[in-house]
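Enquirer:
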Amino acid sequence: MVFWNHHIRLLPHRKHIRLRTFSLLLSSCRFFTTLKKISYAENVETVEEISKLLNHNSWSILMGSSDIIKKLNPEVIQAVLHHNQFSDPIRLLGFFNWSHSQLGIHHNLLSYSVLAVLLCNSSCFPLANGVIERLIETRPPSYMVFDSVVSCVREYNRRDCSSVIFDIVINAYKKMGLLKEAADLFLCVKDGDFCPSLVCCNSLLSDLLKKSMMGVFWRVYDKMLEVNLGPDIYTYTNLISGLCKEGKVEQGKMVIVEMEEKGISPNLVTYNVLINGLCRTSALDEALELKRSMAEKGLTPDSYTYSILVDGFCKNRRAWEAKLLLVEMMGKGLKPNHITYTSLIDGFMKQGDVAEALEIKDEMTACGIKLNFVTYAALISGVCRIGDMDKGKGLLFEMIRLGLSPSSQIYSYLIEGYCRENKMEAAYELLAEMKNMNLSPTAFTFNAIINALCHVRNVQCAYKVLQEMTFCGIKPSVVTYTTLIKGYIHGGNLGEAMRIFEEMKEKGIPPDVFCYNSLVMGLCKGGRMGEARSYFDEMLERGLKPDAYTYGALIHGYCKDREMKIASRYLEEMSRCGIKPNDIVYTAFIDGHCKEGNIDEAMLSFEDMLKQKVLPDLLAYSVLIHSLAKNGKMQEAAQAFIELRAKCLVPDVYTYSSLISGYSKQGDMTKALELLEEMRREGVHPNIVTYNSLINGLCKSGEIERAHELFCETTARGLAPNSVTYATIIDGYSKCGNLVEAFRLFDDMQLKGIPCDSFVYNSVIDGCSRKGDLDKALSLFQEMLHKGIASTHTFNTLIDGFCKSNKSAEALKLLQDMLDLNIAPTNVTYTILIDHHCKLGMMEEAEDLFLEMQNRDLKPTTVTYASLLNGHNKTDIQTKQLNFLRPWFNLNGFPAALS
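In the numbering used here, the protein residues as written are 164 to 1062.
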């Protein structure tokens, strides 16, 4: 924290002025300025001399003819303002401006703040606003501005105008386009501190919404509640708008209820905001119901209400219902405007109903509403989208006849349409027509062609258009090349993308950050991190500053490759450059550490994310929950899930499935099934992965009938069981001995074209072996051999089945078959055979197998030794026989005498 004197204290019982030194940390410039101490005598004389001169109307002339200029510095000016705080603030402003022109440097932060407060004391609010704007132009950190203004308000405020001065500061930030800084300043407010007015805060919320700065919006709203500022109807309306913007319409509806409980009646604007939110989330019927309920509140829907609904229905391909709303609107005496009609035209066009769209156009004209550029753009765009290029060109001619001049955008729609139809000749004719209309084709026009071609993956043709563009004397811009580079990247042709990039540089077109980002992101996505890093270094050499997307791509790429140390270095570099990592970057780190199995590091990344005030999104929580559940840390996973819900994030199917999988693996099917029910209540539809986890857990818990119910439920809910689903349920039935159902599912699986893998075959072979049906098991085994999917586990299962049926010869033959097929036996294979021979008293054969096992460098297990020990007659243990068992005796700590 940086400390400084809030003001210069002039001690009344002395004639001296004491100036304390203070420091300001300018983080954007990274330098530290220490103001000089001013000698006592010099300050007294200078301040008093200036103060006397300020009493004259011609003070500036008097000062200009004296040696005052030589004595001026920021500290003296601040002292003069303090000393003359009860004087005319407009004259002080004049002196402030005059001294700036003489010094040629910025005043210090406190001087600006003192003067602004003094001007507010005299109701000179526009002048105070000008001073604050000049202060902001010096770009001090918001928290320093806040502390400075607070200290000056405490010292100099004479008319209780504290909220006014803070309103001025916040509004000045907003006017200068510094919304985040405006919010940051407000966030410095503490309970009991001075703070802006409710009107100012509501305006700030509204502006943050317009810029979609939702994270900042919620922090400002929370701070308003913290300092007991509001809420009023405007705050609530902003709140509903914010919730709707994030798709949380249900919560927006609850705000209406809360308003009514507090005696605040929602107005027409409030309802329109909520209706708009419902339309955006496709809850159109509910939006209609809300419109109907307005009448009960004494509110009448206006033209804007209907326009929202018409637009919402059209965007959801319910244009006919939108038309009925238009009829209702007109029946109530409300006149639709060109926006309402254009929405309808666009809606019918998107549904492919060109005839109806054209009828709406005629109706619009009949009502005396002239078609404008936007309407024609919707019409031409619509007919071009469905490939009716003749109609599109006809509309273009009509537009020209009516005296409307088509722009490059209109021509671009037509050109794009021809490109989609692969009618490049017609596209070129339009280029010629543009020239005849005295519309010079621009880079934008050609970019439309190139973009359309790249969109349909016809990049080679797009490159030819680029050459044609150059031939026409139009120099391609970096945007043109970036579009082409992206086209090659999306087509998976990274080599050609890099070639085009080099061509661009050779032609003297310097790539910008966006162009480099396209290439870096494409290379990172393709796993070519070395080349991505080279282009990153080239960016730096060219003096370009990588942004969050550049660093994010590299970090995500290295995290994906599990190169966490390199990713961490880029994160550190990103922070040093003043670029704040976003939730995507942190999520990449969390995911990378989780895939490495380093849960502790993943948790540290998550905690760091919170410390940096980066709000985790659903993906960040889901990745963390998935990893915790996968590693059996269900308590921590459950806690993360609770935090997710507390932050008003809505868990999706991936989040729920991760938890369900974790509980199922632990055998806690009660919690797993409770989560399934919760999913359904919340409107989250389980997918096949969810069902697979539940079926697996139930099978392992012996609840095969419940597992079968869920298996049948998948089809009933429109989900297609996959190979994992079948494998899991077949394995469950095989283990519980119900081979009839297992084979029914096995056959059903093959009929549906789902390939049976080794796991499925092994499951039914194991079931057959348990039942003693070795012929069927062998038949399945032969199928596996034919498909080339027989594994060591398959042989072990079959060998175990033959051993349990006392068919030693067949079991030993299978061992030989394994060796002939180059399928390596394991210690499990030999232990099964050794145990079988020991039980039959065939110790010599068992010992031979034991020696063969050791010759293959397979380590005997405790079960192996135990089988041999049990096989020998305790009263007839020979030294030779004990030699086989000596390692086991030593390993398990038996007395030396015995071993």
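Just so you know, even glycine gets a beta-carbon here, dropped at the ideal spot from N, CA and C.
Quick one: is G930 buried, meaning 16 or more other Cβ sit within 10 Å of its Cβ, or exposed?
Expert: buried
Enquirer: Could you tell me the distance, in whole angstroms, from the CA atom of I718 to the CA atom of C477?
Expert: The straight-line gap separating the alpha-carbon atoms of I718 and C477 is approximately 41 Å.
Enquirer: Can you tell me where the alpha helix (DSSP H) holding G557 begins and where it ends?
Expert: 552-564
Enquirer: Check whether the region 492-499 touches the region 444-458, counting contact only when three or more Cβ pairs, one atom from each stretch, lie closer than 8 Å.
Expert: no
Enquirer: Within the same chain, show all residues whose beta-carbon is closer than 6 Å to that of E296, passing over the 5 residues directly before and after it, in chain order.
Expert: A335
Enquirer: In chain order, what are the residue ranges of uninterrupted alpha helix (DSSP H) at least 4 long that sit wholly in the region 781-828?
Expert: 781-793, 797-809, 816-828
Enquirer: Assuming L847 is part of the alpha helix (DSSP H), what are its boundary residues?
Expert: According to the sequence provided, residue 847 is Val. The question's Leu does not apply to it. It is not in any alpha helix (DSSP H) - V847 carries neither H nor E in the DSSP assignment.
Enquirer: According to DSSP, is D525 part of a helix, a strand, or is it coil?
Expert: helix
Enquirer: Give me, in chain order, the residues of the same chain whose beta-carbon lies closer than 8 Å to that of T989; leave out the 5 immediate sequence neighbours on both sides.
Expert: So the qualifying residues of the chain are T955, N959, L1021.
Enquirer: CB-CB under 7 Å to G685, same chain, minus the five flanking residues each way: which ones, in chain order?
Expert: I652, L657, A660
Enquirer: Taking 7 Å as the cut-off, does the CB of K793 come closer than this to any heavy atom belonging to the ligand NAP?
Expert: The ligand NAP is not part of this structure, which contains no ligands at all.
Enquirer: How long is the line joining the alpha carbons of G515 and G545, rounded to whole angstroms?
Expert: 8 Å
Enquirer: What did DSSP end up calling V390 once you bin it into helix, strand or coil?
Expert: coil
Enquirer: Does the Cβ of C151 have 16 or more other Cβ atoms within 10 Å, making it buried, or fewer, making it exposed?
Expert: Given that the chain is displayed from residue 164 to residue 1062, the structure contains no residue 151 and the question cannot be resolved.
Enquirer: Grouping DSSP H, G and I as helix and E and B as strand, with all else coil, what is H269?
Expert: coil
Enquirer: Give the range of the alpha helix (DSSP H) segment to which S369 is assigned.
Expert: S369 -> alpha helix (DSSP H) spans 361-373.
Enquirer: Under a three-way DSSP split, which group does L602 fall into?
Expert: Reduced to three states, the DSSP call for L602 is coil.
Enquirer: Looking at C-alpha atoms only, which residue of H219, S229, K234, G227 is the closest neighbour of S209?
Expert: With the sequence shown as reference, residue 209 is identified as Thr, and Ser is not the correct amino acid for it. It is K234 whose Cα lies nearest to the Cα of T209.
Enquirer: In its own chain, which residues sit with a C-beta less than 6 Å from the C-beta of R480, not counting the 5 before and 5 after it?
Expert: Q514
Enquirer: Is it true that the CB of F380 sits closer than 8 Å to the CB of L368?
Expert: yes
Enquirer: With DSSP run on the structure shown, which of helix, strand or coil describes L497?
Expert: L497 sits in coil when the DSSP states are folded into three classes, being neither helix nor strand.
Enquirer: Please state the DSSP three-state secondary structure of M912.
Expert: helix
Enquirer: Which same chain residues end up closer than 6 Å to K386 when comparing Cβ atoms and leaving out the 5 residues on each side of it in sequence?
Expert: L350
Enquirer: Let me know if C811 comes out buried or exposed under the rule of 16 or more other beta-carbons within 10 Å of its beta-carbon.
Expert: exposed
Enquirer: With distances taken between CB atoms, is the gap from F609 to T643 smaller than 8 Å?
Expert: yes
Enquirer: Residue ranges of each beta strand (DSSP E) run of no fewer than 3 residues wholly in the region 621-675, ordered along the chain?
Expert: none
Enquirer: Do you know whose CA, among A695, V383, P673, lies nearest G706's CA?
Expert: For G706, the nearest C-alpha among the options comes from P673.
Enquirer: Taking only the alpha-carbon atoms, compute the straight-line gap between S932 and A1009 and give it to the nearest angstrom.
Expert: 22 Å
Enquirer: Quick one, which of G916, E872, S864 has its alpha-carbon nearest K898's?
Expert: S864
Enquirer: Tell me which residues share the same chain as D509 and place their Cβ nearer than 7 Å to its Cβ, disregarding the 5 neighbours each side in the sequence.
Expert: C477, A541, G545
Enquirer: Within its chain, find whatever has a CB closer than 7 Å to the CB of N614; leave out the 5 residues flanking it on each side and keep chain order.
Expert: These residues qualify, in order along the chain: T646.
Enquirer: Candidates S428, E452, K668: which alpha carbon is nearest N439's?
Expert: Ranking the options by Cα distance to N439, first place goes to E452.
Enquirer: Can you give me the Cβ contacts of A890 inside the same chain, cut-off strictly under 6 Å, excluding the 5 residues immediately before and after it?
Expert: F922, V923
Enquirer: Check whether the Cβ atoms of P252 and L281 sit closer than 8 Å, and answer yes or no.
Expert: yes
Enquirer: Rounded to the nearest angstrom, how far is the Cβ of I762 from that of N794, given a contact under 8 Å?
Expert: Contact holds; Cβ gap of about 6 Å.
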